[in-house]
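Structure, as structure tokens:
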């Protein structure tokens, strides 16, 4: 198998994603309106929310890959599950970092038990356990099965977690700008564009990581 | 009765079993032999559905044991290298539980008589963790005499037995053989395997180097397979 | 089959007493530590007693779950159940129910000292609290049995089990604490029935999921 970028389509899509992301950042800084009371801090919203959505999408993919792996045991589903877990956790870590960056100027504290942020934190911790299971669960042929099961359990728990933290403490209001679709188009359109571009980035990273997982010869690791 | 097709199993990407296939017909008494660590116990555990193969199928009475219902595996009895029983429960309690989950309901007297016949009349109400290795091995024979089984997977039938125990074991084995029971033994005792069993399987480097009737085997080829 | 398995688990516990003793001794030790560490006014105890109670139960459950599955590994006893013609889902259900029963037995010993050391005065309608405790225990044991199956054969299983269990059980923890608090403060049931429904949802979802998926994690 060749290196990832020697395939024309990968090189092209990588270039497209890179250009699109650079443009996206530029767009966020120059073309989006300044929200009163929040100013520059609010701009994080255009990164924080798309990253959160793609992180959760990634974990959803881990669940689907887990189900498919348990059904037909093909290695590609296991690779998809692992790649999805890694990228999902990376994105979710970014959410947990950008959340406080947004919260500090607005609410004056670094951390707040806002429902969606709390759900993200819990999911992050579940996936810490996921990687520990992959490492300590035994031989890889077994941990693939067990990780698939954990990926399914984790995502099924997500809606229950979300509803429990949402009604947990009334004083922890949701982030500002809760109803994204009700925003005016000055905010909504750049947000949508950012969401699409982050999803493109996510899918590119996923394909790249899956390619790497396929060509790594596991037996080399043991030498 | 049992059809094993293309079974593969790896541990840490090292293949232990590679595309293994063989058949077991009613009444077959099979000796499965090979060097230490070659994967005989692993194969037996796969057949008993304790270990999960990376590929392949095991069909028992026309049902794939990994996909079919649990009740389709009725009749399979696995006696492994370890006791496979609860150390804190007594011999009687362990046997009662084992029988119930295999669908049998033995009467207490029958259990006691069977234990007596196998030389375990004392300490039958004590937790089996105080038993010696030989006593635990005899307990497996008691279990096999009380449970209804159609095919027996037995890993090292003589492990830990003294002379008396071995004689009792041979009695049981001979009785089962006379009744045309189907059995697969993992054994290092090739001599016994050749004399008692009607087929011998030699596992080496992940595949079956020999799969023949015992009377037509060249002993030299077995010895070279075990080097 | 199911009752044979439950009976076996309870019989094992009767012989060894490992699970209940570890849960209850740990529970009592934790109650003492908390009472010493947080020596505050009775009013303050009242406000965080529900949370404290469920944290203690959760930690004790993690210990108990670990022991339950260690007992299966000794002498390779688990291979007896899984090589038998028993539906693996039934094995899960049996672990779930026997675990819940053992947890309830431990709580009978943990609760009185807890109430005593915290100086709590309890409302009269105990039956509702018993219901909350039973549902909470069923929830912890449902997800716990599932996760123990995953951790059972792993290295460092005593660490891996709580790390996997605690985040997954968090919505149940929130619900149990909220419901307990509602009962404790004498708030009308209507105001906190949502939390009981959440707890029941959790129990149903994970009992069903466990029954369906346990088969995939029983084999080596």
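Chains as they are written, first to last, in my numbering: chain A, 1 to 223; chain B, 1001 to 1227; chain C, 2001 to 2220. Glycine included, each C-beta is placed from N, C-alpha and C at the ideal position. Every value quoted in this text rests on a predicted model; they were computed, and no experiment measured them.
Coil, strand or helix - residue 1086 of chain B by DSSP: coil
Buried versus exposed call for residue 2171 of chain C [16 or more other C-beta atoms within 10 Å across all chains shown]: buried
Whole-number beta carbon distance between residue 198 of chain A and residue 58 of chain A, since they are thought to touch under 8 Å: At roughly 11 Å, the Cβ-Cβ gap does not stay under 8 Å, so residue 58 of chain A and residue 198 of chain A are not in contact.
Inter-residue Cα distance where the pair is residue 99 of chain A and residue 1056 of chain B: 49 Å
Uninterrupted alpha helix (DSSP H) stretches inside the segment 1013-1084 of chain B (no shorter than 4 residues): 1040-1047
Rounded separation between residue 1136 of chain B and residue 2154 of chain C - CA only: 27 Å
Simplified DSSP state of residue 2087 of chain C, which is helix, strand or coil: coil
Best match in B:1015, B:1002, B:1011 and B:1092 for proximity to residue 1204 of chain B [C-alpha to C-alpha]: B:1015
Neighbourhood of residue 1041 of chain B by C-beta distance below 8 Å, restricted to the same chain and skipping five residues each side: 1080, 1081, 1155 and 1186
Opening and closing residue of the alpha helix (DSSP H) in which residue 2214 of chain C lies: It is not in any alpha helix (DSSP H) - residue 2214 of chain C carries neither H nor E in the DSSP assignment.
Distance, residue 1191 of chain B Cα to residue 1206 of chain B Cα: 23 Å
Test: residue 2142 of chain C CB closer than 7 Å to a CB of chain A: no
Sequence-distant residues of the same chain with beta carbon closer than 7 Å to residue 1028 of chain B, five excluded per side: 1182, 1198 and 1199
Residue closest to residue 2160 of chain C, alpha-carbon to alpha-carbon, out of A:112, A:131 and A:184: A:131
Same chain, Cβ closer than 6 Å to residue 1111 of chain B, five either side skipped, listed in chain order: 1092 and 1095
8 Å contact criterion, which residue 1147 of chain B and residue 1022 of chain B should meet: CB distance rounded: Contact flag wrong, Cβ pair sits at about 25 Å.
Residue 1212 of chain B, DSSP secondary structure in three states: strand
The segment 2089-2103 of chain C contacting the segment 2008-2019 of chain C, beta-carbon criterion three pairs below 8 Å: yes
Cβ neighbour criterion (16 or more within 10 Å) applied to residue 158 of chain A: buried
Assumed close pair residue 95 of chain A, residue 52 of chain A - CB separation to whole angstroms, cut-off 8 Å: 5 Å
Simplified DSSP assignment, three categories, for residue 2151 of chain C: helix
Three-state secondary structure assigned by DSSP to residue 1177 of chain B: helix
Spatial distance of residue 127 of chain A from residue 2063 of chain C (CA atoms): 22 Å
Spatial neighbours of residue 2157 of chain C in its chain, beta-carbon cut-off 6 Å, leaving aside the 5 residues before and after: 2151
Pair within 7 Å by beta-carbon distance, residue 1226 of chain B and residue 1211 of chain B: no
DSSP state of residue 1155 of chain B mapped onto helix, strand, coil: strand
Cα-Cα separation between residue 20 of chain A and residue 143 of chain A, rounded to whole angstroms: 37 Å
Minimum Cβ-Cβ distance from residue 2013 of chain C to chain B less than 7 Å: no
C-alpha gap between residue 177 of chain A and residue 2191 of chain C, whole angstroms: With a pLDDT of 49 at residue 177 of chain A, under the threshold of 50, the predicted position of this residue should be treated as unreliable, and no value is reported.
Which of helix, strand or coil DSSP assigns to residue 2121 of chain C: coil
C-beta contact flag for residue 2147 of chain C and residue 2173 of chain C at 7 Å: no
Closest residue to residue 1046 of chain B among C:2102, C:2001, C:2083 and C:2061 (Cα-Cα distance): C:2083
Rounded C-alpha distance that separates residue 1088 of chain B from residue 89 of chain A: 44 Å
Residue 1186 of chain B: first and last residue of the uninterrupted beta strand (DSSP E) it sits in: 1182-1186
Pairwise C-alpha distance: residue 1126 of chain B and residue 118 of chain A: 53 Å
Chain-ordered neighbours of residue 2008 of chain C on chain B, where CB pairs are closer than 7 Å: 1097
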